[in-house]
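Chains as they are written, first to last, in my numbering: chain A, 14 to 381; chain B, 298 to 386; chain C, 205 to 510.
I have placed the structure first, in the form of structure tokens, so that the comments after it can refer back to it.
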Amino acid sequence: MNPLLVKVLNDPHKSTQLTLNQWEILIPQARVASLLSTLYILLEEKGLLGSIPDRPRAHLFSDWLIHNSQVQTLKYEVKWLKRALGKADVKLILLKGAAYIAGNLPAERGRLIGDIDLLVPVEKIELCETVLAEFGWKPGEQEPYDEQYYRQWMHEIPPLRHVNRGSILDVHHTIIPPTAKPNLDAKKLFADAHEINPGIWVLAATDMVIHSAAHLFHEGEFDHGLRDLLDLDRLLRHFGEKETQFWAQLLPRAKELDLQRPLYYALRYVRHFFHNPIPPSVLEMTSALKPGYLKTRIMDFCFLRAFLPDHPSCCIRGVSIARFFLYLRSHYLRMPIHLLIPHLVRKARMRYFNDSKQDEGETNKALN
Amino acid sequence: MKWRACSQGRIYDAGNSHIVYFDPASGSTYMINEVADWLLTELAINPLTTEELINRFMSQAEEISGAEAKTLVEAQISELQSYDLIEAS
Amino acid sequence: MPRFKEITDTEAKDTLARGDLRLMVGPFAYCLQSNETLVFDGLRKLYGDHQILPTESFSDFHLSLRPANLVQKWRKKIDFYFDGQRPFNRIESQHAYAFLEWGMNWCVSTTANEQLKLHAAVLAKNGIGLILPGLPGAGKSTLAAALCLAGWRILSDEHALIPFRTNNLIPLCRPISLKNQSIEIIRKFDANVVLGPETHETHKGTVVHMKADLAPGSHDQSFIPAQLMIFPRYSQEAKLVLHKKPKTEAFMFAGLHSFNYSLLSQTGFDTMCTLMDAVSCYDLTFSDLDKAVQVIEKLLLEAGKS
């Protein structure tokens, strides 16, 4: 199925022909997909804002105000991050949404971000944690089990939260958990990172795309799936146009990082949803990366459903199964099986007990 | 070590003993007293040391002892620094 | 546009059951769905004068209160759905009405950033707007209810909606929520008060909602300029005390207890400046509602003269 949201993203002029009842589907779809502000900017760029009804426009604008606030906040956080990491003599390398905004990339336009993702060398992780703590970013309260999950198994520090400002940092030392790809040489990513603004670094174009693909296609939860896929589409279009060597370098780099399969899926699904104009020569080469017939059918079944906005208008058969399968798959990709089963059981129990506690708490809070 | 203002903010002044200060860089809003307001104005023009600020303050405020001036000025410097409105240069 | 009371009970029940009951509340349209009797009864009692929209219209919020499945129905638990999502954990079905009202507030609190939103009760009389900011428990809802029964128009009991860089108030008329002793106090104030279903055994005791669109022109959508800002503080047995409040303090309190002041950054600040320039600010401590209402009427007269 092709959701109304995707149709309008691909052809913004359609927005001027929608009935009020269709807007009642589009706005909630965009809201649940975190794409309201993206839609606002898209319509603004095409000069279409004046041609849509007032109330839907108000919802788009309201979300754009949130995006705008986040951009300003990011600027301020980056100022402090530069100082903190500068003290540890570590480059500030931003990833994902924060990188798109700081780099002023098309993927930035309207993008809502949650946490700020950073990449630091593995040997400096502890030093970074210390220096970030000096500047106010400390690990939030974690269940001891979750803390162990982050540090011991994922070799990451848990998310850091600023004590006053509340901003959240995710500090990574590689772009995919080492338990998933123990042979990925993160040094290559650092070597090719470049400075887009004084003191602010981002990954090379190919690495940015590959990271985005790896993250998305190893992911277990797809609340932001469509948004992340749109990021990929925009990155590919932008770099494909602006960097002459981009397409020639993309597949070889994915091979070098051993991340060809997620890149294959990325190209497959940006083409399906957003008709991305991937050069025919690249398409030909990716056909060699295609999994077997059965696996392709299964992954299509899952991903074509997982990317749909989680709204009743997109409730086709198999969506729940697809999401559940991808959730299991993401853990399987991340952890060896003898750790995976106890982990899933443990998480399920934690969720059950938290829910029971919350049932009471939420009602109490709600009825104040 | 000199202090300098690192914020170009906006003020709401209703003639009360405190003013409201908005810092566009951080997006934060603060209620600051007259001494802090005066410090921000001075430091926006030129960087000054703590001692220079205390001396200027004494020359402008009537009937205030050196010790009182020192306490007031230092307290406000500390507050403004914690708000990231002034920094040591 | 027809008003909710103008359609029959049967039609109303059907429309609500199939999720097509579209109520105008100020600038917002809520599309509601429920099979719960409490929800239907409450809406019928309290929203009779609200306008309803046809099916071919745009509703800002799609809400549903229903059991998630047969098991939950048997357990007498229902869920609150917003655009098909369940943002909260399930509740007892006997709490359904209170949860609907709370949920309707939540929709505005978490979206609608195209204006500044303060956490306050908002009223108007003689074309003059009054804002009552306050934390829960300060008595603003009780005071708002008393003023309403004394002829003031309620613009909102939760959200002061202010278009950017103005001191105008956007009407958003809905029932006023009252708790515990406030319910009896208001019943004593006016025995004819119209109240919705009572919700018992909540964390804060009993909650009930009072029909507040009593004044003529309650559903008029024109903006009203704010000229008064009173910070109420209910304290049992306290003497009535009215003080002028420094505007700087009022600014900080209102801004800190706003839903989106920080989010709006410079625009939020500029709007607060415009608002604070236009309003006279007071702290009001009271225990006697009649006296509090009288004092506010006096302030209204003074504001009318300036």
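We put the CB at the ideal spot given by N, CA and C, even for glycine.
These numbers come from a predicted model, not from an experiment.
For P69 (chain A), the three-state secondary structure derived from DSSP is helix.
The CB of G306 (chain B) never comes closer than 8 Å to any CB in chain A; the least such distance is about 13 Å. The DSSP assignment places 259-269 and 273-287 as complete runs of the alpha helix (DSSP H) inside the region 245-287 of chain A, in order along the chain (cut-off: 4 residues). The beta-carbon distance between L250 (chain C) and L347 (chain C), rounded to whole angstroms, is 20 Å. This is too long to meet the 8 Å contact definition.
Using a CB distance below 8 Å, the part of the region 436-463 of chain C facing chain B consists of P450, K451, T452, E453, F455, M456 and G459, ordered along the chain. Within the same chain, and ignoring the five residues on either side of P322 (chain A) in sequence, the residues whose Cβ sits closer than 7 Å to its Cβ are P16, L18, Q42, V45, A46 and L239. Inclusion of A193 (chain A) and L339 (chain A) in the CB contact set at 7 Å is not warranted, their separation being larger than that value. About 23 Å separates the CB atoms of D474 (chain C) and H72 (chain A); that is not less than 8 Å, and the two are not in contact. In the structure shown, the three-state DSSP call for W356 (chain C) is coil. For a Cβ distance threshold of 9 Å, residue set T259, E260, S261 and F262 of chain C lies close to N34 (chain A), ordered along the chain. Per DSSP, Q237 (chain C) lies in no alpha helix (DSSP H); the unbroken beta strand (DSSP E) holding it starts and ends at F232 to S238.
No Cβ of chain C is located within less than 7 Å of the beta carbon of Y380 (chain B). Counting the other CB atoms within 10 Å of its CB gives E388 (chain C) a total below 16, which places it among the exposed residues. In this structure V397 (chain C) is not in contact with L359 (chain C), their Cβ atoms being roughly 19 Å apart against a cut-off of 8 Å.
In this structure, DSSP gives A311 (chain B) a state outside helix and strand, which the three-state scheme calls coil.
Between the region 73-89 of chain A and the region 312-321 of chain C, the count of C-beta pairs closer than 8 Å reaches three or more; the two stretches touch. Exclusion of the five residues before and after K100 (chain A) leaves V144 as the residues of its chain whose Cβ lies within less than 7 Å of its Cβ. A contact is defined here as three or more CB-CB pairs under 8 Å, and the region 301-309 of chain C fails this definition with respect to the region 320-339 of chain C. The straight-line gap separating the alpha-carbon atoms of H186 (chain A) and M348 (chain A) is approximately 18 Å.
The beta-carbon separation of I256 (chain C) and L336 (chain C), rounded to 29 Å, does not stay under the 8 Å limit for a contact. Annotation for E339 (chain B): the continuous alpha helix (DSSP H) segment containing it runs E331 to I342.
DSSP places D361 (chain C) outside any alpha helix (DSSP H), giving it a letter other than H or E. The Cβ neighbour count for R96 (chain A), taken over all protein chains shown within 10 Å, is under 16; the residue is labelled exposed. Taken atom to atom, the span from the alpha-carbon of F490 (chain C) to that of L357 (chain A) is near 56 Å. For K27 (chain A), same chain residues with a beta-carbon under 8 Å away, outside a window of 5 residues either side, are K20 and V21 in chain order. For the pair L479 (chain C) and N371 (chain C), the CB atoms are nearer than the 7 Å cut-off.
Fewer than three pairs of CB atoms, one per stretch, sit closer than 8 Å, so the region 352-369 of chain C makes no contact with the region 112-123 of chain A. Restricting attention to A:L197, A:Q35 and A:W93, the CA atom closest to the CA of A146 (chain A) is found in A:W93. Residues of the region 310-327 of chain C with a C-beta less than 7 Å from any C-beta of chain A: T315, A316, N317 and E318, listed in chain order. Taking 8 Å as the upper bound on Cβ-Cβ separation, chain C lies near residues P66, R68, P69, A71 and H72 of the region 60-73 of chain A. Per DSSP, reduced to three states, the secondary structure at M228 (chain C) is strand. For F473 (chain C), the three-state secondary structure derived from DSSP is helix. The C-beta of P321 (chain B) comes closer than 7 Å to at least one C-beta of chain C. Annotation note: the region 370-456 of chain C contains the following uninterrupted alpha helix (DSSP H) runs of length 4 or greater, listed N- to C-terminal: 385-393. Around the beta-carbon of Y306 (chain A), fewer than 16 other beta-carbon atoms lie within 10 Å, marking it exposed.
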